[in-house]
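Working notes for the structure below.
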Amino acid sequence: MNEEKQLEHSQKSAAGISDTVENVESKPMSAETNLPTDPEAKLEEPTNPATDAQEPFTLEPEDAPFDLKAEEPTDEAQPESSTDPQETISALTQDIESLKAQLEDRTNQYVRIAADFENFRKRTQKEKEDLELQVKCATIKELLPVVDNFERARSQIKPQTDAEMNIHKSYQSVYKQLVESLKRIGVSPMRSEGKEFDPNLHEAVMREATPDHPEGTVLEELVRGYLLGERVLRHAMVKVAAAPEPAAEDSSS
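Per the working numbering, the sequence shown starts with residue 7, numbered consecutively.
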């Protein structure tokens, strides 16, 4: 059934096209434009069999003209673009207070670090000075027995000939150079004889009762003591005066 309708529709379309061609051929044509010379004559537009068979176009409700007013945003739908100035000021004030707190915290940290570094620098410098002093003292203490031997030799050896005198002068020259070197680095000998005994400087190895000196007086320096500045390198070994014993009374009358 459908095939018969399509065949009938095709025959009608072919007949319509044939009539249109005959009408065009029957009218005079312009040689330049190949169009009809009659201004009132109009070419019939060719028909499309497929479109002719379609139903007439009708406007559906959903295809109604676009209403611009319906799309315009209302005042209620628009978001609020402005904020409360008081809230903005409050937020900025909080940010400023937070930054001030951070700055104060960082400043305190810097002050503590600077103080710790200064204490570390002073402590390191003091430890360095103490170490240098310890090394210096240890070295000088090793040289003091050599100085003692030179002094013993000078007090005991009595040169008799010119050759002995030359030898004596030679080692005395070495002794003087050694003493001068010790003086240049701050070493000084103690002078203890005739002074009051001081346990911070002296070491009493002998006591002698005598009425000629007050009790506690240093009578003799057996081994000389030395100082490095105000630091004791070696205590002086001394003999100290003691009070004389009272005379025994004759028990017989």
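All C-beta atoms in this analysis are idealised placements derived from N, C-alpha and C, irrespective of residue type, glycine included.
Shown here, Glu199 sits in coil according to DSSP, grouped into three states, outside any helix or strand. Under the three-state reduction of DSSP, Thr99 is assigned to helix.
Counting only runs of 4 or more residues that sit fully inside the segment 130-205, the alpha helix (DSSP H) segments are 168-190, in chain order.
Within a 10 Å sphere around the beta-carbon of Pro91 sit fewer than 16 other beta-carbons, which makes this residue exposed. The criterion of a C-beta distance shorter than 8 Å is satisfied by Leu225 and Ala247. DSSP, reduced to helix, strand and coil, places Arg240 within a strand of the structure shown. In this structure the segment 148-168 does not lie against the segment 201-210, because fewer than three pairs of beta carbons, one per stretch, are closer than 8 Å. Segment contact: the segment 212-223 against the segment 171-184, fewer than three CB-CB distances shorter than 8 Å; contact not assigned.
Straight-line measurement puts the Cα of Gln178 at about 28 Å from the Cα of Arg237. Scanning Pro250, Ala249, Leu233 and Val244 for the CA closest to the CA of Lys147 turns up Leu233.
Between Gly231 and Ala242, the C-beta spacing is below 8 Å.
Bounds of any beta strand (DSSP E) do not take in Glu251, whose DSSP letter is neither H nor E. Looking at the DSSP output, Tyr116 sits in no beta bridge, so it has no partner there. Short of 8 Å from the beta carbon of Asp154, and not among the five residues preceding or following it, lie these beta carbons of its own chain, in chain order: Val229 and Arg230.
Residue pairing of His208 in beta bridges, as defined by DSSP: Ala242.
Classified as buried, Pro195 has 16 or more neighbouring CB atoms from the shown chains inside 10 Å of its CB. Closest option to Cys143, judged by alpha-carbon separation, among Val152, Val193 and Ala169: Val193. For Glu221, there is no enclosing beta strand (DSSP E), as DSSP marks it with neither H nor E. Beta-bridge annotation (DSSP): Leu234 is paired with Val193 and Arg237.
Taking a C-beta distance under 8 Å as the contact criterion, Pro252 and Pro217 do not qualify as a contact pair. Within the DSSP secondary-structure output, Arg213 pairs in a beta bridge with Val246. Taken atom to atom, the span from the alpha-carbon of Arg127 to that of Leu239 is near 28 Å. By the neighbour-count definition (other C-beta atoms within 10 Å, threshold 16), Leu188 is a buried residue.
Beta-bridge partners of Glu93 (DSSP): none assigned.
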